[in-house]
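Chemist: Per numbering that gives the first Met the number 0, the very first residue in the sequence shown carries number 0; after that it's consecutive.
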Amino acid sequence: MKEEGDLSSFAIMLLAFGGPRSLEEVAPFVERLTGKKPSPKQLEGLQRRYQAIGNASPLPEMTLRQARALEKALKGKGKPLPVFVGMRYSRPLIAEALEEIREREVSRIILISLSPYHSSFTTEGYYAEVKRIVATWNERMQLVEVDDWHVHAGLCAAWAAKIDEARGRMGGRKEAIPVVFTAHSLPQDVVASAPYVRQLEETIEGIIQITGPLRWRLAFQSRGRGGDAWLGPEPQTCLEELFAEGLHKAVICPIGFIVDHLETLYDLDIALKAWADKQGIAIVRTPCLNDAPELIEVICQLVEEALEGR
0 MKEEGDLSSF
10 AIMLLAFGGP
20 RSLEEVAPFV
30 ERLTGKKPSP
40 KQLEGLQRRY
50 QAIGNASPLP
60 EMTLRQARAL
70 EKALKGKGKP
80 LPVFVGMRYS
90 RPLIAEALEE
100 IREREVSRII
110 LISLSPYHSS
120 FTTEGYYAEV
130 KRIVATWNER
140 MQLVEVDDWH
150 VHAGLCAAWA
160 AKIDEARGRM
170 GGRKEAIPVV
180 FTAHSLPQDV
190 VASAPYVRQL
200 EETIEGIIQI
210 TGPLRWRLAF
220 QSRGRGGDAW
230 LGPEPQTCLE
240 ELFAEGLHKA
250 VICPIGFIVD
260 HLETLYDLDI
270 ALKAWADKQG
280 IAIVRTPCLN
290 DAPELIEVIC
300 QLVEEALEGR
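Put into C-alpha cells, the structure is as follows:
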C-alpha cells in the first residue's frame, strides 16, 4: 500500500448508470436493473427502441471516453492519476472496477458520480455500492466522495452555452424562446427525503445567472410503469402549457443527464419530437455534455479540489 501523502496513492473512479452495448446486452442490463428477467414483450419493446438509436446505448463508451480525456487533462496539469469507470448496471461493473483499483495498491479513491443529483437510484446508490464492496476488504481504503457539483460554475456555464446555441438554431428573438429542462422521473417516495428536485432547481438557478431571465419549466421524463406516484409534470404537459400561452416553440434541455443515451436519443429526439410535431410545437433539444472539453475541465477541477483536501 502506498503512502497516503503520495499523489500515487490516489485513484479516480467515475461512476455511471450504464447501458447495453448491443441488443444482446439489453436483457442482462434490464435484469441487473430490475432484479428479474424481462418478459418477451418487454424485451422486444426495449430492443426496438435501442434499434432506433443504433442498436446500443452510447453511454458506456462515452463514459470511457470521459475517463481517457480526464486522465489526459490531469496529466497535462502535472497530476498523472489513473481513472477507472464503474457502472451500476452494465460492464465494467462497479465491483470489476474496484478490483482493478485494488491491484494498483492505492490507499485513496476519489469517487465522482456522473449523475450530480442525489437519489438512491443515482449518486447515493453508486456510493453505497462502493462502500459495501470496500467494507469486505482487509486493507484500509479511504473513499473521497465528490458532492454538490450540480452548482459548479463550469457545469452551469456549459449548459447555458448549449441553450444559447439551441435558441439560435430556432430563429427569432432568443429571449422569447422558453426552455423546458428535463430530468429522469423517479417514484415520489424515493425522492421524498432526497435533495434530487432541489438540486435540479439549483442548477437551473445557476444557468439563469449566466443566461439572464428565462421562461422555463422543469419536467420529469421517462417515468416507470409501476403504480406508484412518480415525479411530474411530463415534458408534454409543460409544452401544452406553453402552447396555451401562445408559445409554439421551445428548447428542451436535459440537465438531468450528463451523457446522451436512450432517454435523450429516443424518448426526447424521437418520441417527444413526434408528439410535438403533431401538436404544432417546434422543439430543439440541446445535446448532453458528453465528453465536451468544458465538462472534462469541470471534472478535472473536482479532482483537484479533492486532492487539496487530502
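Every residue gets a Cβ at the ideal spot worked out from N, C-alpha and C, and that includes glycine.
Please report the Cβ distance between A24 and S89, rounded to the nearest whole angstrom; I am assuming they are in contact, meaning their Cβ atoms lie under 8 Å.
Modeler: According to the sequence provided, residue 24 is Glu. The question's Ala does not apply to it. Contact holds; Cβ gap of about 7 Å.
Chemist: Report all residues from its chain with a CB closer than 8 Å to the CB of W229; omit the five preceding and five following residues, and keep chain order.
Modeler: S184, L185, P186, Q187, F219, R222 and G223.
Chemist: Taking Cβ positions, are P179 and R216 nearer each other than 8 Å?
Modeler: The amino acid at residue 179 is misidentified as Pro; the sequence shows Val. Their beta carbons are under 8 Å apart, which means V179 touches R216 by this criterion.
Chemist: Using CA coordinates, which residue listed in A96, A165, E98 and W148 is at the minimum distance from H117?
Modeler: The shortest C-alpha separation from H117 is found at W148.
Chemist: Could you check how far apart the C-beta atoms of R20 and A55 are, in whole angstroms? I think they sit under 8 Å.
Modeler: Between A55 and R20 the Cβ distance is about 5 Å, and since that is below 8 Å, they are a contact.
Chemist: Just how far apart, CA to CA, sit L6 and R139?
Modeler: When rounded, the distance between both Cα atoms is 17 Å.
Chemist: Just tell me which of I100, E293 and Q235 has its CA closest to the CA of A275.
Modeler: The shortest Cα separation from A275 among I100, E293 and Q235 belongs to Q235.
Chemist: Quick one: give me the first and last residue of the beta strand (DSSP E) that G85 is part of.
Modeler: Unbroken beta strand (DSSP E) run through G85: V82 to M86.
Chemist: Please name the residue in A26, L288 and K272 whose C-alpha comes closest to that of A281.
Modeler: Checked all of A26, L288 and K272; the closest Cα to A281 is K272.
Chemist: Check for me: the alpha helix (DSSP H) holding M61 runs from which residue to which?
Modeler: Start and end: L58 to G75.
Chemist: Which of helix, strand or coil does DSSP assign to S192?
Modeler: Residue state, collapsed to three classes: coil.
Chemist: By DSSP's criteria, V105 is part of a beta bridge. Which residues make up the other side?
Modeler: According to DSSP, which records beta bridges pairwise, V105 is partnered with nothing at all.
Chemist: Buried or exposed for E307, please, with buried defined as at least 16 other CB atoms from any protein chain shown within 10 angstroms of its CB.
Modeler: Exposed.
Chemist: Looking only at its chain, what residues have a beta carbon closer than 6 Å to the beta carbon of A72, apart from the 5 residues adjacent to it on each side?
Modeler: Here the set comprises I295 and C299.
Chemist: Would you call D259 buried or exposed, if buried means 16 or more other Cβ atoms sit within 10 Å of its Cβ?
Modeler: Per the 10 Å Cβ criterion, buried.
Chemist: Please state the DSSP three-state secondary structure of L246.
Modeler: Coil at L246, not helix or strand.
Chemist: Taking only the alpha-carbon atoms, compute the straight-line gap between Q46 and S8 and give it to the nearest angstrom.
Modeler: Roughly 43 Å separates the two Cα atoms.
Chemist: Ends of the beta strand (DSSP E) at M169?
Modeler: Not the beta strand (DSSP E): M169 falls in the alpha helix (DSSP H), residues A152 to M169.
Chemist: Does the count of Cβ pairs from the stretch 237-245 and the stretch 191-208 closer than 8 Å reach three?
Modeler: With a cut-off of 8 Å, the stretch 191-208 and the stretch 237-245 do not count as touching, because too few Cβ pairs lie within range.
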